[in-house]
Amino acid sequence: MSFKAVTSLGLSAILTLSTVGCSDYLKGEKHKPEVIEFSDARFKCLQDLPTQMKAFSIGEISQADIEGGFDCMSEALKYFNKKTFGSVEGGYTVEEIRRFFGKYFLKQNNVTAEFAKELMKIKRALVGGTVEQLKKDEIAGLIEFLSVVKKEAILLTPHIKILLNQTHQKKAEWEQISMATEQLRRSAKKILEITQIAKSDYSFEDAKNVLAGFAKFIKGEETFAPYEQYGEWVPVVEAVKNILLGRRANFTGLSQWMDALDSFVDVYELLLKYHYNLSDFEFNDAQKLRQISQFLNKAMKVIAESHQMRIIGYIPVQDLDALIDQVLPKTHLNIQPASAKKMYRAVLLKMLDPQRKADTRGFIGLERKHLATLQREYNVWRLIQSFVDNVPYPESTQALSQEQLVSAYKSFDKNFVIEKGLTEDPFEQQALKWAWEDYGLLLQSKIPVIYNSQGQMFISLNTAKTGQTWKSLSKANLMRGLSRILMIGYGDNVDKTMSQAGISKEGLSSWYDDFKEFFLDIGAFDPRTGNSGGRSFQEANFFTFSGNGNETMDQAETYEFVSTLFAAGLATSEALQSGLTKVCAMETKDLFGKAFLKQDCFQKELKNRFDVYFSNVPGMAAYIKSLNDKQWAEFFNYLLATSATPDQKAGFIDTANVRTMTTILHYVENLMTIYDADQNQTFSLDEVYAAAPRFMSFLKTVKPGTPDTFLTEGFAYLVFKGAIPGPADLVGFQFTKKSLPEASRMNILRIFGALKDQLNKPQK
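Just so it is clear: in the sequence shown, position 373 is 372 by numbering that gives the first Met the number 0, and no numbers are missing.
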């Protein structure tokens with residue numbers, strides 16, 4: 000339950016108890032023939048409490064009003080305690096209080112017998128006693144309780160807008176949120192200390208019942224209408240409670256209640272920081288990235304130190320499933336709970352389980368070993384990010400060449416960061432040092448992965464000489480982390496350095512199977528294709544900088560494939576589709592829920608704006624600009640043919656077309672970057688021969704049993720002629736190949752038409 004709801008319920012309960020006693024007697028004998036005036040100021044002020052509660056809940060109440068409201072309740076309770084008597088010695092029954100309350104004060108909103116019992120449970124948790132009677136000494140205890148609550152309410156008031164009024168409070172600094180939640184923690188603990196909750200059996204079920212009774216009691220009055228909305232979030236809060244505390248948390252003392260309070264305040268702090276600072280997903284500077292680092296670290300700490308993890312050592316799978324069932328329907332994401340459940344199981348069983356048994360028969364939930372693996376990967380990210388944050392960037396350019404980066408890498412004191420800032424465990428220290436070695440190999444790649452200011456993967460003949468900024472290196476660290484966790488989950492030989500590991504075609508196909516439903520739900524995969532894991536494996540082997548056509552994806556190939564997929568293909572295609580939708584959209588929607596684009600409009604606008612959307616591939620942009628209308632039409636037709644879907648409609652461009660076109664254009668530029676040795680923007684015959692080995696495995700599937708020499712000539716023929724040759728074609732090619740013009744990007748693009756059928760074959 001939100002703190003706002005708890006606060007309001009607590010105040011309403013106190014209000015209920017404080018206004019029931021405005022008669023000289025209830026069922027007992029008259030003490031004196033004295034008449035109590037209900038217009039007395041000490042009772043009249045109670046009428047202002049609902050308005051004051053509302054003002055407090057949105058942070059628009061003065062200290063004077065807070066003091067006046069609490070003093071009013073205290074005086075009313077004192078007067079009630081002194082002037083009234085019940086049928087039981089030294090107190091009142093629940094029914095006496097309820098009937099009197101309804102008779103004199105609640106003409107329209109009466110307290111039901113059930114709701115009265117729930118309020119008495121709150122009373123018992125606050126000041127002790129039983130749920131059947133309210134004793135006079137307990138009323139005195141409530142007065143003392145109000146005195147403490149008043150002081151804490153005053154301390155909380157400056158922070159209420161941040162804590163409770165997110166609808167109108169649009170911004171809050173990171174430190175302000177920390178200060179607000181720390182005050183909430185201190186105040187809640189002080190209040191908790193003076194209660195009798197550790198001796199009571201008050202439960203979450205009791206809190207749910209009192210909330211339901213309160214909603215029924217107020218009957219949707221405008222002042223309290225917001226509290227009715229909390230009812231729909233109660234199952235979510237309960238699911239979070241089950242994650243942190245367990246379904247049947249039996250606290251044995253106040254310290255465990257304090258620990259539970261810490262957990263909930265920590266979770267609330269994380270939610271506030273996400274809402275105010277991180278929900279825009281824009282991490283463009285070191286300060287913002289430090290905030291996400293703190294956020295992740297605290298989230299892992301909350302789970303690791305939760306009551307349930309400490310008591311039984313894991314978070315049960317049924318609690319994780321229940322949280323997904325409650326949260327997903329309340330989001331705007333089109334993710335089915337079954338897809339999310341399958342995905343997180345794959346993450347835990349394959350990516351975060353050190354033994355990687357992937358056997359669901361022994362799966363019990365989120366265990367400490369999963370958190371330990373997650374902590375290691377987080378520490379790897381922090382280690383490399385520490386280097387990125389502290390490397391000396393030139394003041395003039397704020398960018399470092401590859402040579403400068405490698406030099407800085409070699410002189411960076413990794414041991415200090417690891418041993419003083421990350422872990423004291425010698426085995427974890429060694430694992431971090433292995434990861435540091437892996438990072439060094441990536442930095443020293445012949446063609447390094449670089450990102451431009453828009454976060455796109457930058458591909459150029461001069462990539463190695465291009466300076467890398469803090470933003471580029473930070474993006475690279477994220478892509479490195481994604482590729483590393485992919486290798487850990489689906490690769491082989493991942494115990495030590497990733498430079499010795501590799502992912503097979505079967506491994507990548509397994510990854511696709513595990514995540515297929517999730518990525519279909521979010522629209523990242525095309526449901527019309529089969530298992531594209533094998534196709535992705537071939538693409539990584541054929542078209543990444545480090546691709547070599549062998550039977551495994553090594554660390555560099557995996558990193559470059561992930562970078563091309565996310566930071567080149569998806570990033571550019573989203574921008575391209577969004578921009579051209581404004582001018583080329585049709586009324587009908589594709590299966591991804593986005594508007595089809597008119598093909599002729601798309602073809603025209605793509606050329607006109609190519610340098611805008613593909614600024615990360617300047618060589619390709621210059622080439623497209625140089626094409627005349629006829630050449631562009633030919634180029635576009637090849638591009639469209641390679642991106643055509645099984646049910647392609649003439650004149651229509653859909654989301655899958657845009658994504659495939661974008662990725663292929665980056666693959667073409669990758670090959671140009673790798674093999675254009677003389678950097679004249681074309682391929683000579685010798686440069687084509689140099690590219691042939693990485694495609695040899697493909698060629699052998701097309702022409703099994705053919706000697707490598709003939710396959711190499713066949714590949715050259717494919718590049719220059721655009722078709723797979725027969726024996727006679729190869730003979731004729733030997734007489735003409737020396738006189739052929741060098742191959743352009745058009746020739747390379749044409750290769751994809753021949754490769755397409757092979758790459759799209761369903762993988763067994």
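All C-beta atoms in this analysis are idealised placements derived from N, C-alpha and C, irrespective of residue type, glycine included.
Since the model is a prediction, treat every value here as computed from it, not as a measurement.
Exposed unless 16 or more other CB atoms sit within 10 angstroms - verdict on residue i
| i | result |
| --- | --- |
| Ala655 | buried |
| Thr659 | buried |
| Arg367 | exposed |
| Ala500 | buried |
| Pro740 | exposed |
| Gly488 | buried |
| Arg309 | exposed |
| Leu670 | buried |
| Thr50 | exposed |
| Ser738 | exposed |
| Ser278 | exposed |
| His331 | exposed |
| Phe113 | Residue identity differs from the one stated: residue 113 is Glu in this sequence, not Phe. It counts as exposed. |
| Arg749 | buried |
| Ile242 | buried |
| Val611 | exposed |
| Ser482 | buried |
Of the listed residues the options, nearest to residue i (C-alpha basis)
| i | options | result |
| --- | --- | --- |
| Lys648 | Tyr637, Phe144, Leu684 and Asp589 | Asp589 |
| Gln630 | Phe55, Lys606, Lys149 and Leu373 | Lys606 |
| Tyr438 | Ile310, Gly480 and Tyr275 | Gly480 |
| Ala187 | Phe144, Met308 and Gly488 | Phe144 |
| Ile766 | Glu94, Asp70 and Ile159 | This structure gives no information on residue 766, because the portion of the chain shown stretches from 0 to 763. |
| Ile311 | Gly245, Glu268, Tyr716 and Arg360 | Gly245 |
| Val379 | Met671, Thr422 and Asn389 | Thr422 |
| Leu365 | Arg381, Asp320 and Asp324 | Asp320 |
| Val301 | Lys329, Ala248, Leu260 and Leu288 | Leu260 |
| Pro764 | Ala555, Glu538 and Leu370 | For residue 764 there is no data in the structure shown, the boundaries of the chain being 0 and 763. |
| Ala722 | Ser743, Pro706, Phe55 and Phe751 | Phe751 |
| Ala238 | Ile138, Val266 and Gln576 | Val266 |
| Lys349 | Thr700, Gln680 and Ile484 | Ile484 |
| Lys81 | Ile663, Asp136, Ala690 and Gln397 | Asp136 |
| Val126 | Thr644, Lys341 and Ile196 | Ile196 |
| Ile663 | Lys755, Ile161 and Ile65 | Lys755 |
| Glu436 | Ile65, Thr644, Pro234 and Ile383 | Ile383 |
| Ala539 | Thr580, Phe697 and Val582 | Phe697 |
| Thr468 | Val387, Asp318 and Arg123 | Val387 |
| Phe560 | Leu183, Ser642, Tyr666 and Lys356 | Tyr666 |
| Lys419 | Arg381, Pro706 and Asp599 | Arg381 |
| Ile190 | Ala179, Leu162 and Ser146 | Ser146 |
| Asp494 | Phe282, Trp433, Lys240 and Leu575 | Trp433 |
| Gln576 | Phe263, Asp553, Val346 and Glu604 | Glu604 |
Nonlocal neighbours in the same chain, by C-beta distance under 8 Å from residue i, ignoring five residues either side
| i | result |
| --- | --- |
| Gln455 | Ala566, Ala567, Ala570, Thr571, Ser614 and Asn615 |
| Ile747 | Val667, Leu670, Met671, Phe682 and Val718 |
Contacting residues, own chain, Cβ-Cβ under 7 Å from residue i (five flanking each side not counted)
| i | result |
| --- | --- |
| Leu295 | Tyr377 |
| Gln678 | Leu460 |
| Lys134 | Gly89, Gly90 and Gly128 |
| Pro353 | Lys368 and Thr372 |
| Trp173 | Lys272, Asn276 and Gln290 |
| Gly618 | Ser459, Leu460, Glu668, Met671 and Gln680 |
| Ser400 | Lys464 and Gly466 |
| Ala676 | Glu686 |
| Lys515 | Phe524 |
| Ala171 | Ile161 and Tyr275 |
Cutoff 6 Å; reference residue i; Cβ partners in own chain excluding five residues on either side
| i | result |
| --- | --- |
| Val316 | Gly364 |
| Thr359 | none |
| Phe651 | Phe595 |
| Val390 | Ala407 |
| Thr641 | Ile663, Phe751, Gly752 and Lys755 |
Cβ of residue i within 8 Å of any chain C Cβ
| i | result |
| --- | --- |
| Gly245 | Here chain C cannot be found, since the structure has a single protein chain. |
- Query: For the 8 Å Cβ check, are there 3 or more pairs between the region 332 to 341 and the region 474 to 481?
  - Reply: No, the region 332 to 341 does not touch the region 474 to 481.
- Message: So, does the region 425 to 440 touch the region 573 to 587, judging by three or more C-beta pairs under 8 Å?
- Response: They do not touch, by the three-pair rule.
- Would you say the region 152 to 160 touches the region 79 to 99, given that touching needs at least three Cβ pairs under 8 Å? Two segments are said to touch when three or more pairs of C-beta atoms, one from each, lie closer than 8 Å; by this definition the region 152 to 160 does not touch the region 79 to 99.
- Message: Check whether the region 493 to 512 and the region 522 to 539 are in contact - that is, three or more C-beta pairs closer than 8 Å.
- Response: The answer is yes - the region 522 to 539 touches the region 493 to 512, with three or more Cβ pairs under 8 Å.
- alpha helix (DSSP H) segments (min. 4 residues) lying fully within the region 315 to 379: Within the region 315 to 379, the complete alpha helix (DSSP H) runs of at least 4 residues are 316 to 326 and 336 to 345.
- Item | Segments assigned beta strand (DSSP E), at least 3 residues, entirely inside the region 490 to 571 | If we require 3 residues or more, the region 490 to 571 turns out to have no beta strand (DSSP E) run fully inside it.
- Item | Ranges of the alpha helix (DSSP H) found wholly within the region 237 to 306, counting only runs of at least 4 | Look at the region 237 to 306 and you find these whole runs of alpha helix (DSSP H), each 4 residues long or longer: 253 to 272 and 285 to 303.
- Query: Of all the beta strand (DSSP E) runs that stay within the bounds of the region 397 to 425, which reach a length of 3 or more residues?
  - Reply: If we require 3 residues or more, the region 397 to 425 turns out to have no beta strand (DSSP E) run fully inside it.
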